[in-house]
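Participant: Can you keep this structure in mind? I'll have questions shortly.
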Amino acid sequence: MNSGDDKTGIDNIESMIDQAIDDLFVPSGGATKANSEKALKVEAEAAQEEADEAIDMNITWGNDDEEEAVDFSEEVEAGDSEGTPSMDMLRPLHEALLSLDWEINLNNINALDDEYKRLGAMTQDNMHAQNAVKMASVCCKYLRASKSLASPLALKFLKTTLDSLDVFLQPPAPNLPSKDALVNEMMGLYNEMKQDANRLRAAALKKREAKGFASPSQASSQPAPQQPTQEKTSTVDLRGELNHIKRTLGDLIELVAKLERSIN
Amino acid sequence: MSFLDLSKREVHVKIVYYGPGRGGKTTNLLHIHEAMTDAVRGQMVSIDTKQDRTLFFDFLPLSIGKIFGFDIRIQLFTVPGQVIYNATRKLVLKGVDGVAFIADSQVSQKEKNIESLENLRDNLADIGVDINKIPLVLQFNKQDLAAEGIPLLSEADMVSDLNSVYNVPCFNASALTGEGVFETLREISKTTVKSVARKLMPSLTSGMT
């Protein structure tokens, strides 16, 4: 084929492509009702996140005293012949974690937290699982406060926790890793996540200051000029955040000590 | 890049919907998926790689029928827009043939749009693709928010922020209502499929019988 044929061939192909795509991408009467509902749901979630933007920076690692008690009195061991009981129990948790991994929003965090609560109630006699659930619940609180600004290690930690739970919910077997070793691995990751969260938090505060938000010291020494509402509130937010950090660090030290005691 | 399957006589073209988090990429794909007939669309799927990071994306194969005896299949992907998912975004960009950049028209999202476009440029460069040489269209999404009194960037501002360098086709849109969604898809599909066809011309013609 010579260059003239090539040119003709390309022209032919391009006109065929134009025609094929014009024919294809004519929406048939616009969006369906189902689509509208789905899209509205997506937008509603986004709107909810926007409304919660104000607490985005209020990272807290508070303790978990308000754990909701859920009564799961029925047997949970029954599983189908296809999968292990632990996999059956963890499937909803796995799905919730996937959703959260895709989009960190309040709905997904709450769904995951609910799954942990459910699992916690189902595994009250399983010390390892209880520890994992407890740490994961605190991680959910952190995600709820920081959302998209959260440390990537948070999701890594939750994924590791899920893998560990799969082992914790199975009877001991020679081919399974040691449960204590898994708890130690989770603890290590948990501490890394905590450090990373603090690092990210410091960077975010620095960035915010660089953008011209008043620091607490500046705010106290200068009369507040006519500022947009967001900037006025940011000073209050910063003070609140500092208090949160103090409380958070205290809570963390206490929690880690508790967990270490429970392991030992 | 694009995938040519001579035995099945198929050409697979990969288009990625890219942009800042919560900008409306998934809503675009949802709208397209719902509005297309079953005859031409595939299922939206999500994939968990079981690796350290989860790869989880919308994948929407569309068949546009035979051209020179080859089925052209367009695959639409989207990526997580949140900053922390850069590794996933890079992974999804591998083999990309065209990009639809979905920008959020809200004034408050001005910087995020710019950051995301810069991130696209850098991630493409990392996989050896020059953003100036790949089919690209811009969509200025969420135009419907103007009716709710939410301040939006003007088209001139958006062009100045995002398109002054690349000078590519751009569309106002509201993925929520569907306005501009198909215009964006049509343009990126045409430019991408043509670009792929030009590259694959020797193979396509030699595969003809």
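Order-wise, the sequence lines are chains A and B. Be aware that the first sequence starts at 1, since it is given in my numbering, and climbs by one per residue. Be aware that the second sequence starts at 265, since it is given in my numbering, and climbs by one per residue. In this text, a Cβ means the ideal position worked out from N, Cα and C, and glycines have one as well.
Near A:P177, which residues of its chain fall below 7 Å by C-beta distance, leaving aside the five closest residues on each side in sequence?
Facilitator: Correct list, in chain order: V167.
Participant: Looking at chain A, is there any beta carbon in it that lies within less than 7 Å of the beta carbon of B:I452?
Facilitator: no
Participant: In the DSSP assignment, what are the bridge partners of B:T342?
Facilitator: Listed as beta-bridge partners of B:T342 by DSSP are B:Y281.
Participant: Strictly below 8 Å CB to CB, what residues from chain B border A:A20?
Facilitator: Near A:A20 (Cβ distances below 8 Å), the residues of chain B are I328, G329, I331, I336.
Participant: For A:E14, would you say it is in contact with chain B, using Cβ-to-Cβ distances shorter than 7 Å as the test?
Facilitator: yes
Participant: For a contact defined as C-beta to C-beta under 8 Å, what are the partners of A:L182 on chain B?
Facilitator: In chain order: nothing, as chain B lies at least about 16 Å away.
Participant: I believe A:M186 touches A:A132 by the beta-carbon criterion, under 8 Å. Please report the beta-carbon distance rounded to the nearest angstrom.
Facilitator: 6 Å
Participant: By alpha-carbon positions, which one of A:D23, A:D180, A:A150 ends up nearest to A:A204?
Facilitator: Of the listed residues, the one whose Cα sits closest to A:A204 is A:A150.
Participant: With 7 Å set as the bound, which would you pick, yes or no: does the beta-carbon of B:K463 sit closer than that to a beta-carbon of chain A?
Facilitator: No, B:K463 lies away from the interface with chain A (no Cβ there is under 7 Å from its Cβ).
Participant: Return the CA-CA distance between B:D340 and B:L416, expressed in angstroms with no decimal places.
Facilitator: Just to set this straight, residue 340 of chain B is Leu in the shown sequence, not Asp. Spanning the two alpha carbons is a distance of roughly 28 Å.
Participant: Figure out for me which residue from B:Q403, B:F334, B:R337 has the closest Cα to the Cα of B:E419.
Facilitator: Proximity to B:E419 across B:Q403, B:F334, B:R337 peaks at B:Q403, based on C-alpha coordinates.
Participant: Would you list the residues sitting across from B:E443 in a DSSP beta bridge?
Facilitator: B:S438
Participant: Considering only C-alpha positions, which residue in the set B:L294, B:N292, B:E375, B:D269 is nearest to A:K211?
Facilitator: B:E375
Participant: Is A:A20 helix, strand or coil when you go by DSSP?
Facilitator: helix
Participant: So B:V457 contacts chain A; which residues on that side make the cut at Cβ distance below 8 Å?
Facilitator: I17, I21
Participant: Under 7 Å, do A:S148 and A:I104 count as touching if we go by C-beta distance?
Facilitator: yes
Participant: Assign B:V429 to one of two classes, buried (16 or more other C-beta atoms within 10 Å of its C-beta) or exposed (fewer than that).
Facilitator: B:V429 should be labelled exposed.
Participant: Spatial neighbours of B:N383 within its chain, please: CB distance less than 6 Å, with the 5 preceding and 5 following residues excluded, ordered by chain position.
Facilitator: none
Participant: By the 8 Å beta-carbon criterion, what residues does the region 132-148 of chain A contribute toward chain B?
Facilitator: S148
Participant: Look up B:K476 in the DSSP assignment and give the residues it is bridged to.
Facilitator: Outside the modelled stretch of chain B, which goes from 265 to 473, sits residue 476 of chain B, for which no answer is possible.
Participant: If you draw a straight line from the C-alpha of B:T318 to the C-alpha of B:S459, how long is it?
Facilitator: Here the model assigns B:T318 a pLDDT of 47, short of 50, so the residue's position is not dependable and the matter cannot be decided.
Participant: Below 8 Å on the Cβ atoms is my guess for B:K406 versus B:S380; work out the distance and round it to an integer in Å.
Facilitator: Actually they are not in contact, since the Cβ atoms of B:K406 and B:S380 sit about 14 Å apart, beyond 8 Å.
Participant: Please confirm whether A:F168 has its beta-carbon closer than 7 Å to some beta-carbon of chain B.
Facilitator: no
Participant: Report the neighbours of A:F25 on chain B: residues whose CB is nearer than 8 Å to its CB, in chain order.
Facilitator: Within chain B, the residues near A:F25 are F446, L449, R450, S453.
Participant: Given this structure, state the Cα-to-Cα distance separating A:D118 from A:L98, to the nearest angstrom.
Facilitator: Reading off the sequence shown, one finds Arg at residue 118 of chain A, where the question assumed Asp. Near 17 Å, if we compare the C-alpha coordinates of A:L98 and A:R118.
Participant: Of the residues that make up the region 279-313 of chain B, which ones have a beta carbon closer than 9 Å to any beta carbon in chain A?
Facilitator: G285, R286, G288, T290, T291, L294, H295, I296, H297, E298, A299, M300, T301, V304, S310, D312
Participant: Helix, strand or coil for A:L90 per DSSP?
Facilitator: helix
Participant: Which one or two residues does DSSP pair with B:V401 in a beta bridge?
Facilitator: B:A364
Participant: Hey, would you say B:H295 sits closer than 7 Å to B:G442, going by beta carbons?
Facilitator: yes
Participant: Taking DSSP as the reference, what is the three-state secondary structure of B:V432?
Facilitator: coil
Participant: Under DSSP, the alpha helix (DSSP H) around A:V133 begins and ends at which residues?
Facilitator: 127-146
Participant: Give every residue of the same chain whose Cβ lies closer than 8 Å to the Cβ of B:D394, excluding the five residues on either side of it in the sequence, and list them in chain order.
Facilitator: L388
Participant: Using 8 Å for Cβ pairs, my map puts B:I331 next to A:I13. What's the rounded Cβ distance?
Facilitator: Separation of the CB atoms of B:I331 and A:I13 is rounded to 6 Å, and the pair is thereby assigned contact status at 8 Å.
Participant: Between A:Y142 and A:L242, what straight-line distance do the alpha-carbon atoms span, to the nearest angstrom?
Facilitator: 15 Å
Participant: Pull up the distance between the alpha-carbon of B:L293 and that of B:V343, whole angstroms please.
Facilitator: C-alpha of B:L293 to C-alpha of B:V343: approximately 11 Å in a straight line.
Participant: Go ahead and pull the three-state DSSP assignment for B:V275.
Facilitator: Of the three classes helix, strand and coil, the one that applies to B:V275 here is strand, per DSSP.
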